[in-house]
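Enquirer: As you go down the protein sequences, you meet chains F and E in turn.
Heads up: the first sequence is residues 154 to 324, going by the numbering used here.
Heads up: the second sequence is residues 12 to 225, going by the numbering used here.
We put the beta carbon where it would ideally sit given N, CA and C, even for glycine.
If you scroll down you'll find the structure; I have some questions about it.
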Amino acid sequence: MAIADHERQFRQWLGEHTGLLLKVVRSFAEGPADQDDLFQEILLQVWQSLPGFRNDSKPTTWLYRVALNTALAWKRTEKKRRPRQGSLSISDVAATSVASAEAERNDRIVDQLYAAIRALQPAKRALVVLYLDGFTYREIADVVGISESNVGVSLNRIKKELAATVKEAEE
Amino acid sequence: MNNLLDRLQQAWQSQCSQPIDVEPEQLLKAARLERRGYFWADMTVILVFVSVGTGMFVWAFRDLQKQWPWLIYSACLALVVGYILFNRWRRRRHAARYDEPLLAHVEWSIKDIEHQMWLDRYSLWWYILPTALACMIPPAITFAMEYSKNPGWGALFALLFALLVTEGFFAALFFFIHWSMKSLGRVGVERQRQELQALRALRETLLNAEEPHV
Numbered sequence: 154m155a156i157a158d159h160e161r162q163f164r165q166w167l168g169e170h171t172g173l174l175l176k177v178v179r180s181f182a183e184g185p186a187d188q189d190d191l192f193q194e195i196l197l198q199v200w201q202s203l204p205g206f207r208n209d210s211k212p213t214t215w216l217y218r219v220a221l222n223t224a225l226a227w228k229r230t231e232k233k234r235r236p237r238q239g240s241l242s243i244s245d246v247a248a249t250s251v252a253s254a255e256a257e258r259n260d261r262i263v264d265q266l267y268a269a270i271r272a273l274q275p276a277k278r279a280l281v282v283l284y285l286d287g288f289t290y291r292e293i294a295d296v297v298g299i300s301e302s303n304v305g306v307s308l309n310r311i312k313k314e315l316a317a318t319v320k321e322a323e324e
Numbered sequence: 012m013n014n015l016l017d018r019l020q021q022a023w024q025s026q027c028s029q030p031i032d033v034e035p036e037q038l039l040k041a042a043r044l045e046r047r048g049y050f051w052a053d054m055t056v057i058l059v060f061v062s063v064g065t066g067m068f069v070w071a072f073r074d075l076q077k078q079w080p081w082l083i084y085s086a087c088l089a090l091v092v093g094y095i096l097f098n099r100w101r102r103r104r105h106a107a108r109y110d111e112p113l114l115a116h117v118e119w120s121i122k123d124i125e126h127q128m129w130l131d132r133y134s135l136w137w138y139i140l141p142t143a144l145a146c147m148i149p150p151a152i153t154f155a156m157e158y159s160k161n162p163g164w165g166a167l168f169a170l171l172f173a174l175l176v177t178e179g180f181f182a183a184l185f186f187f188i189h190w191s192m193k194s195l196g197r198v199g200v201e202r203q204r205q206e207l208q209a210l211r212a213l214r215e216t217l218l219n220a221e222e223p224h225v
């Protein structure tokens, strides 16, 4: 891939799929410093892995693989944090909801949901993020590398766990 | 439960974010710095050892009859440095790709850590023993050569005493190095062990096995 194409593709995907990356970041890291660090790590891996993209999967599937692999590795190892680049901050791109009662309620649910997801084991977080984003079992199996039936069984358990945690937080 | 999950899914999918405009140049600064760091670390190791090795080699050939031990030292140096560089090269060549499925990436990470732990566990065989042997063989050969020139009980005892002192010194020195490396490496081993445990737990969860006992 030529450098110009590489850069164009990278910019285009960031424009289209920032939300996807932020969902992974907020599911695996808590607090602004950690979230910024993971966000930067994911962007870096996306940039470095981009020449390997062969158009044999959808960009979202590919991006989820890179983002989740990076998040799982980041979570596992307490690596020395890279110095943060000036322009890369989650607060610059975080959701900007229209101020309304409905939006506020939605934000509260989403915050509870992230807290519940972060309470899950890392592998379960990966599965649940894909499920919540509306991926089919086939697509989840593709990202994770396990069979569809395995995805089904795992998700059934995880959904119960997630629902219980959210219910507990609501009460 | 399904109602709740539907509500959660809807809320999740309604999240929005502003598009981000990242300067790849700026982003890459960190990556380039890291890569340059690796490159110069390797180059420094290569340059230092090639210079030292060449120096030893030249020194040995200035007077091969007297300076032959330097040939053994340089061979040992080449072996140890070659092994270190080969391992670094092999690790980078087989590094996992981040766009692989999660399970494949986890499997690779497990193999990588197991290999690193294996290397650390047997550092005695790969690094310390060859160096120790390179230091201990020349005195033994010198002993044999000197004794063949001046046979006799007096010379034998004197040479044997000198040999024992020399070999004893090297044995103690390399034992101390081995012991120090083991002690210092304990923290690293514990960290690797924990990471390996976390990875195995991750694999088990992905494969939907029984809950892992961590």
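If the cut is a Cβ gap below 7 Å, which residues of chain E does residue 297 of chain F touch?
Expert: Residues of chain E passing the Cβ test: 112, 113, 114, 217.
Enquirer: Between the stretch 79 to 96 of chain E and the stretch 251 to 262 of chain F, are three or more C-beta pairs nearer than 8 Å?
Expert: Cβ pair count under 8 Å is below three, so no.
Enquirer: Chain E partners of residue 319 of chain F, CB-CB under 8 Å?
Expert: 15, 19
Enquirer: Rank F:291, F:278, F:269 by C-alpha distance to the C-alpha of residue 316 of chain F and give the top, closest one.
Expert: Put simply, of F:291, F:278, F:269 the residue whose alpha carbon is nearest the alpha carbon of residue 316 of chain F is F:269.
Enquirer: Counting along the chain, where does the alpha helix (DSSP H) carrying residue 222 of chain F start and finish?
Expert: 212 to 229
Enquirer: Measure the alpha-carbon distance for residue 23 of chain E versus residue 266 of chain F and round it to whole angstroms.
Expert: 8 Å
Enquirer: What is the DSSP secondary structure of residue 171 of chain F, reduced to helix, strand or coil?
Expert: helix
Enquirer: Compute the distance between the beta-carbons of residue 219 of chain F and residue 202 of chain F, then report whether it is under 8 Å.
Expert: One thing to note: residue 219 of chain F has its Cβ within 8 Å of the Cβ of residue 202 of chain F.
Enquirer: Taking DSSP as the reference, what is the three-state secondary structure of residue 179 of chain E?
Expert: It is helical.
Enquirer: Name, going along the chain, the residues of the stretch 87 to 114 of chain E whose beta-carbon falls closer than 9 Å to a beta-carbon of chain F.
Expert: 107, 108, 109, 110, 111, 112, 113, 114
Enquirer: Run through chain F and tell me which residues come within less than 8 Å of residue 42 of chain E, C-beta to C-beta.
Expert: 197, 200, 201
Enquirer: Are any of the Cβ atoms in chain F nearer than 8 Å to that of residue 221 of chain E?
Expert: Since pLDDT at residue 221 of chain E reaches only 46, below the 50 mark, its modelled position is unreliable, and the value read off the structure follows with that caveat. Residue 221 of chain E does not count as touching chain F.
Enquirer: In angstroms with no decimal places, state the Cα-to-Cα distance between residue 187 of chain F and residue 139 of chain E.
Expert: 40 Å
Enquirer: Excluding five sequence neighbours on each side, which residues of the same chain lie with their C-beta closer than 7 Å to the C-beta of residue 90 of chain E?
Expert: 141
Enquirer: At a CB-CB cut-off below 8 Å, which residues of chain F make contact with residue 23 of chain E?
Expert: 176, 263, 266, 285, 286
Enquirer: Taking Cβ positions only, does residue 289 of chain F come closer than 8 Å to chain E?
Expert: no
Enquirer: What's the C-alpha gap between residue 193 of chain F and residue 173 of chain F?
Expert: 14 Å
Enquirer: Note down the Cα distance separating residue 162 of chain E from residue 63 of chain E, rounded to an integer number of angstroms.
Expert: Computed Cα separation, rounded: 37 Å.
Enquirer: So residue 209 of chain E contacts chain F; which residues on that side make the cut at Cβ distance below 7 Å?
Expert: 229
Enquirer: If distances are taken between C-alpha atoms only, which option among F:275, F:308, F:278, F:276 comes closest to residue 291 of chain F?
Expert: F:308
Enquirer: Distance cutoff 8 Å, beta carbons only. Does residue 175 of chain E sit that close to anything in chain F?
Expert: no
Enquirer: Could you give the residue range of the alpha helix (DSSP H) that holds residue 143 of chain E?
Expert: Membership of residue 143 of chain E in the alpha helix (DSSP H) is indicated by the continuous run 140 to 160.
Enquirer: Check whether the stretch 41 to 56 of chain E and the stretch 90 to 103 of chain E touch, using three or more Cβ-Cβ pairs below 8 Å as the test.
Expert: yes
Enquirer: On the three-state DSSP scale, how would you describe residue 161 of chain F?
Expert: In the structure shown, residue 161 of chain F sits in a helix (DSSP, three-state: H, G or I).
Enquirer: What's the call for residue 306 of chain F, buried or exposed, on a 16-neighbour Cβ count within 10 Å?
Expert: exposed
Enquirer: Measure from the alpha carbon of residue 134 of chain E to the alpha carbon of each residue in E:208, E:67, E:196, E:46, then state which is nearest.
Expert: E:196
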